[in-house]
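Taking UniProt numbering, the leading residue of the sequence shown gets 1, the next gets one more, and so forth.
Following: one structure in structure tokens, then a few remarks.
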Amino acid sequence: METLTNILTTIEGVVWGPLMLLLLLGVGLYLQLGLKLLPIRKLGMGFKLLWAVAARPQAMRRKARCRPSTR
Numbered sequence: 001m002e003t004l005t006n007i008l009t010t011i012e013g014v015v016w017g018p019l020m021l022l023l024l025l026g027v028g029l030y031l032q033l034g035l036k037l038l039p040i041r042k043l044g045m046g047f048k049l050l051w052a053v054a055a056r057p058q059a060m061r062r063k064a065r066c067r068p069s070t071r
């Protein structure tokens, strides 16, 4: 059992080590550049929409829900 624990600990050290951090940062940068920084450019609008919904009264929020037609 201890042998298995040592093997898994070694694998964990490789998987979650500095290499994984570099890969995650690299993929994030690649996607940001591929999307022409769209997530960063639209961040302000996203927060504006988020806070606009939170500021509405509860009655208006219930009306705005998407419901199936009753026809």
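Backbone N, C-alpha and C fix where the C-beta goes; we use that ideal spot for every residue, glycine too.
Asked: Delimiting residues of the alpha helix (DSSP H) encompassing TRP17; Found: The displayed chain sequence assigns Gly, not Trp, to residue 17. Where GLY17 is concerned, there is no enclosing alpha helix (DSSP H), given that its DSSP letter is neither H nor E.
Asked: Coil, strand or helix - LEU35 by DSSP; Found: coil
Asked: Inter-residue Cα distance where the pair is ARG41 and GLY28; Found: 15 Å
Asked: C-alpha gap between ILE7 and LEU25, whole angstroms; Found: 27 Å
Asked: C-alpha distance - GLN56 paired with MET45, whole-angstrom precision; Found: The amino acid occupying residue 56 in the given sequence is Arg; Gln does not appear at that position. Each residue's Cα considered, the two are about 17 Å apart.
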